[in-house]
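Protein sequence lines correspond, in order, to chains A and B. At position 71 of the first sequence the residue is numbered 71 (this note's numbering), and the sequence of numbers has no breaks. At position 41 of the second sequence the residue is numbered 198 (this note's numbering), and the sequence of numbers has no breaks. Cβ atoms here follow ideal geometry from the backbone N, Cα and C, with glycine treated the same way. Values in this document were obtained by computation on a predicted structure and should not be read as measured data.
2 protein chains.
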Amino acid sequence: MATTVEYRQMLRGAALRVTRPRVAVLGAVHAHPHADTDSIISAVRRDVPKVSHQAVYDSLRALTDAGLVRRIQPAGSVARYEARVGDNHHHIVCRSCGAIADADCAAGEAPCMTASDDSGFAIDEAEVIYWGLCPACSTVPTSPSANLAQPWREHHV
Amino acid sequence: MATTVEYRQMLRGAALRVTRPRVAVLGAVHAHPHADTDSIISAVRRDVPKVSHQAVYDSLRALTDAGLVRRIQPAGSVARYEARVGDNHHHIVCRSCGAIADADCAAGEAPCMTASDDSGFAIDEAEVIYWGLCPACSTVPTSPSANLAQPWREHHV
DNA sequence: TGCAAACACTTGACTCGTTCAAGAAAACGA
DNA sequence: TCGTTTTCTTGAACGAGTCAAGTGTTTGCA
Chain A
1 MATTVEYRQM LRGAALRVTR PRVAVLGAVH AHPHADTDSI ISAVRRDVPK
51 VSHQAVYDSL RALTDAGLVR RIQPAGSVAR YEARVGDNHH HIVCRSCGAI
101 ADADCAAGEA PCMTASDDSG FAIDEAEVIY WGLCPACSTV PTSPSANLAQ
151 PWREHHV
Chain B
158 MATTVEYRQM LRGAALRVTR PRVAVLGAVH AHPHADTDSI ISAVRRDVPK
208 VSHQAVYDSL RALTDAGLVR RIQPAGSVAR YEARVGDNHH HIVCRSCGAI
258 ADADCAAGEA PCMTASDDSG FAIDEAEVIY WGLCPACSTV PTSPSANLAQ
308 PWREHHV
């Protein structure tokens, strides 16, 4: 967990203007890994009550483009953000409740980076998503498809 | 490329009722790999001019649930469908134009199936998406982010 | 410190893929 | 062929995300 001062430095270091919404968004993403935009908006408004949703969308885009946060979006989910960047780690997603956990790939540094046939593409990233059931959902005998594609919120906290 | 008769048998084999929309949707997915729903609707209407979009959505869901087609959805894209199922192959997506190509994973049969730390999840699938530039986009010096997240259509055909 | 230019934020409307719901039509086992 | 069940049609609705115009902040520089 970083301090406000550090967030400001991170913004400066990325050649981004330092504004209250951006500092708050950066803090929210650090505090709530894998949170969706709506959760981030709520978190930001605890700091800056009157921010518009647009400001949060804009900030998230700026931070993502600058590489300060990473955007992930498993199929059927809305966009989610995390502050752990630069290590090309992967994610495990629960098919039932949507919980997300981090995973370092078994293959090591640059996992699965080379496809056996790249069809002439210049590949720069390999994104891996493991699908399954989280500990809670794999024990509880609920219909696995029941709450699929629900607006998952903060399940992982 | 299969025949109408074969599509009907595939539906029967999956315990699905055989209807004109479903046969046409199954045919369209076979004919246009990685097509989005809108493209599939257009293709289906060449066969069955008056199908509703809802019928196509319903058919695609039924076919997906039955395992006759596979749904993929790279981040920032709408849902896409393909008929190549059961072999756990992966995809290469162009960041610029959205073209999609198939890729057998370098790791072989069940690629990257085991995360180094599964956080207690019961993993049943590893989905890999390679991101990069397709042959056309990597030679043409256009802004790579220009048409990102566009409604890509039939680029791959 | 003050100014100007560039950039970010607010507000509110809007897009578009997808889903919901009610009734009509079609498929299929008996 | 009949009746039940499932699917299709029609039309409205939802929601994440974007667009656009105008106002407010930030920051480099005098």
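Check	Outcome
Reduced DSSP secondary structure (H/G/I, E/B, other) of E266 (chain B)	For E266 (chain B), the predicted structure reports a pLDDT of 47, less than 50, and the residue's modelled location is therefore unreliable. The matter cannot be settled from this model.
Any chain A beta carbon closer than 8 Å to Q211 (chain B)	no
Cα-Cα separation, D222 (chain B) to D195 (chain B)	20 Å
Cβ of Q166 (chain B) within 8 Å of any chain A Cβ	no
Contact residues within the segment 242-258 of chain B, judged by C-beta distance below 9 Å to chain A	H247, I249, V250, C251, R252, A256, A258
G120 (chain A) vs P206 (chain B) beta-carbon contact at 8 Å	no
Spatial distance of L168 (chain B) from D58 (chain A) (CA atoms)	46 Å
N- and C-terminal bounds of the alpha helix (DSSP H) containing C251 (chain B)	Not the alpha helix (DSSP H): C251 (chain B) falls in the beta strand (DSSP E), residues 247-251.
Any non-hydrogen atom of the ligand ZN closer than 7 Å to T176 (chain B) Cβ	As presented, the structure is devoid of all ligands, the ligand ZN included, so that no description of it is given.
Burial state of E282 (chain B), where buried means 16 or more other Cβ atoms lie within 10 Å	exposed
Proximity winner among A:H32, A:S138, A:I123, relative to C294 (chain B) (alpha-carbon distances)	A:I123
DSSP three-state assignment for R241 (chain B), whether helix, strand or coil	coil
Interface partners of A171 (chain B) on chain A, CB under 7 Å	Here the premise fails: no neighbours, minimum Cβ distance about 17 Å.
Closer than 8 Å to chain A by CB, A232 (chain B)	yes
Partner residues on chain A for L290 (chain B), Cβ-Cβ distance less than 9 Å	F121, A122, I123, D124
Straight-line gap, Q166 (chain B) to V201 (chain B) (C-alpha atoms, nearest Å)	19 Å
Cβ separation of V226 (chain B) and L220 (chain B), assumed to be a contact under 8 Å, to the nearest whole Å	4 Å
CB-CB length for D193 (chain B) against A232 (chain B), believed under 8 Å	Incorrect: roughly 15 Å between the Cβ atoms, too far for contact.
Which listed residue (A:S96, A:A101, A:A24, A:Q54) has its alpha carbon closest to that of H89 (chain A)	A:A101
Per-residue burial, V29 (chain A) [other beta carbons within 10 Å of its own, 16 or more giving buried]	buried
Nearest to A99 (chain A) (by Cα), restricted to the options A:R84, A:L133, A:D87	A:L133
Proximity of Y130 (chain A) and I72 (chain A) at Cβ, strictly below 8 Å	no
Range of the contiguous alpha helix (DSSP H) that encloses V182 (chain B)	177-188
Residues bridged to A223 (chain B) (per DSSP)	According to DSSP, which records beta bridges pairwise, A223 (chain B) is partnered with nothing at all.
Chain B within 8 Å of I41 (chain A), Cβ atoms only	no
C-beta neighbour in chain A for E239 (chain B), strict 8 Å	no
Beta-carbon contacts of V85 (chain A) that lie in its chain and below 8 Å, excluding the five residues immediately before and after	G67, L68, V69, R70
Straight-line gap, A316 (chain B) to V180 (chain B) (C-alpha atoms, nearest Å)	Shown here, chain B extends from 158 to 314; a query on residue 316 (chain B) therefore has no answer.
Where the alpha helix (DSSP H) through L11 (chain A) begins and ends	4-13
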